[in-house]
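Enquirer: Right, I'll just put the structure down here and ask away after.
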Amino acid sequence: MTYQYHPKVTRLLLAGAMLFGMVSCSTKSTPTGDLIVTVYDQTFTSEDLRTRMPERYPKEDSARIAENIIKEWIQDVVVLQQAEKHLPAAKKDFTDQLEGYRQNLLIYAYERELVGQKLDTIISDRELLTYYGENIENFRLKQRVLKATFIKISPEAPKFDQAQKWFKSDIEEDRELLDEYCLTFAENYFLDSDSWIYLSDFVNQVPIATSDWDNFLANTTYYKFEAGSFLYIVRLFDHKLVGDVAPLELEKEKIEQLILNKRKLELINKMRQDVMSDAHKSNKIQWKE
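Each residue of the sequence shown is one higher than the one before, counting from -7 in the working numbering.
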């Protein structure tokens, strides 16, 4: 539907666009409160427009955004008038629904406050391991994971032969020297051999081309290749395939959240039982005989 604006409205929109364009880049000016449009007995002013405009937006979009806000408001008022006119009184009474909604919000707010005050958020390693072991079948991998390190570097980088020796070494001093070298010369690198990585994330950084990943992971410990204008060196330390049990390290955050959710439910259920018990003891619940 196309709306035709009164000339005054057009001027206000243009002025508003200039005002809101400046507002989007600086502090908000004091609104004038000029009347923009009246629909039935409802009015829409420049102050109404100001409060509905987003906090930040491109200056060139100001007029379009303002126009869309006004159009939506006009349409809502017109449809509301039709609803008021044609719906019977019984279908316009939402007292019960509103009260039910209010009660649900109050209960939800109280439960959140209770959880915020009393939830024990400390989870021991033993509890993590117990949950992991008792629910092991829920932690089967849906994609491959691996422990690996890599360096992406220019073939012309200085002292690269020495860097390769450090890369293949497990001596702590060599690792420190390699880290310093990579900081200076590597385009990209990852040297944490203890962390599990999803293969898809690894390949995004290291574009190894193979059609048989299971075989590659099972039979490769060191790999060197060129791609584009860069040289890659890779060490593989461990891997797990699809269907294997995921390492605990990968599932730790998920398990922590599951344990906390379980505690929340237990806390809320206990509160409900306690308040019900108190209500019975104090004769606040009375059945008609």
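Where is the CB? At the ideal position from N, CA and C, for every residue including glycine. In this text the structure is predicted, and so the values were computed from the model without any measurement.
1. Would Ile251 pass as a contact of Ile115 if the rule is Cβ separation under 7 Å?
2. Spell out a yes or no on whether the stretch 139 to 159 and the stretch 226 to 236 are touching, meaning 3 or more CB-CB pairs, one atom from each, closer than 8 Å.
3. Closer than 8 Å by C-beta to Arg132: which residues in its own chain qualify, once you throw out the five before and the five after it? Chain order, please.
4. Go through its chain and collect everything with a Cβ distance to Leu209's Cβ below 6 Å, but skip five positions before and after it.
5. Per the contact definition of three or more C-beta pairs closer than 8 Å, is the stretch 206 to 222 in contact with the stretch 110 to 127?
6. Hey, could you find the ends of the alpha helix (DSSP H) Tyr123 is sitting in?
7. Report buried or exposed for Lys20, applying the criterion of at least 16 other Cβ atoms within 10 angstroms of its Cβ.
8. At a cut of 8 Å, does the stretch 32 to 39 reach the stretch 62 to 75 through at least three beta carbon pairs?
9. If you measure between the beta carbons of Tyr173 and Val198, is that distance less than 7 Å?
10. What are the start and end residues of each continuous alpha helix (DSSP H) run of 4 or more residues lying completely inside the stretch 203 to 247, in chain order?
11. Does the structure place the stretch 154 to 174 close enough to the stretch 187 to 204 that three or more beta carbon pairs sit under 8 Å?
12. DSSP has Ala75 in a bridge; who is on the other side?
13. To the nearest angstrom, how far is it from the Cα of Glu243 to the Cα of Ser187?
14. Is the separation between the beta-carbon of Tyr124 and that of Leu240 shorter than 7 Å?
15. According to the Cβ coordinates, are Ile62 and Arg44 closer than 7 Å?
16. Any chance you could list the alpha helix (DSSP H) runs of at least 4 consecutive residues sitting entirely within the stretch 32 to 86, in chain order?
17. Is the Cβ-Cβ distance between Phe177 and Ala219 less than 7 Å?
18. Who does Ala140 pair with in a DSSP beta bridge?
19. Would you kindly check if the distance between the Cβ of Ser38 and the Cβ of Asp285 is under 7 Å?
Expert: Taking the structure as given:
1. Against the sequence shown, residue 251 aligns to sequence position 259. Against the sequence shown, residue 115 aligns to sequence position 123. Yes, Cβ-Cβ distance for Ile251 and Ile115 is below 7 Å.
2. yes
3. Translated into positions along the sequence shown, residue 132 becomes position 140. Answer for Arg132: Gly235, Asp236, Val237, Ala238, listed in chain order.
4. Position 217 of the sequence shown, counted from the start, is the residue given in the question as residue 209. Contacts found: His231.
5. no
6. Taking the first residue of the sequence shown as position 1, residue 123 is located at position 131. Residues 117 to 126.
7. In the sequence shown, residue 20 corresponds to position 28, counting from 1. Here the model assigns Lys20 a pLDDT of 38, short of 50, so the residue's position is not dependable and the matter cannot be decided.
8. yes
9. For the purposes of this step, residue 173 is taken as residue 181 along the sequence shown, with counting starting at 1. For the purposes of this step, residue 198 is taken as residue 206 along the sequence shown, with counting starting at 1. Not closer than 7 Å, so no.
10. 205 to 211
11. no
12. The residue given as residue 75 occupies position 83 in the sequence shown. Looking at the DSSP assignment, Ala75 forms no beta bridge with any residue, so it has no partner.
13. Here the question's residue 243 lines up with position 251 in the sequence shown. Here the question's residue 187 lines up with position 195 in the sequence shown. Those two C-alpha atoms are separated by around 12 Å.
14. Your numbering for residue 124 matches position 132 in the sequence shown. Your numbering for residue 240 matches position 248 in the sequence shown. Yes, these two residues count as a Cβ contact at 7 Å.
15. Residue numbering aside, residue 62 sits at position 70 when the sequence shown is read from its first letter. Residue numbering aside, residue 44 sits at position 52 when the sequence shown is read from its first letter. Cβ distance not < 7 Å, so Ile62 and Arg44 don't count as in contact.
16. 38 to 44, 54 to 78
17. Counted from its first residue, the sequence shown places residue 177 at position 185. Counted from its first residue, the sequence shown places residue 219 at position 227. In this structure, Ala219 does not lie closer than 7 Å to Phe177 by Cβ.
18. Taking the sequence shown and counting its residues from 1, one reaches residue 140 at position 148. Ala140 is bridged to Leu228.
19. The displayed coordinates of the chain run from -7 to 281. Any statement about residue 285 would go beyond what the structure contains.
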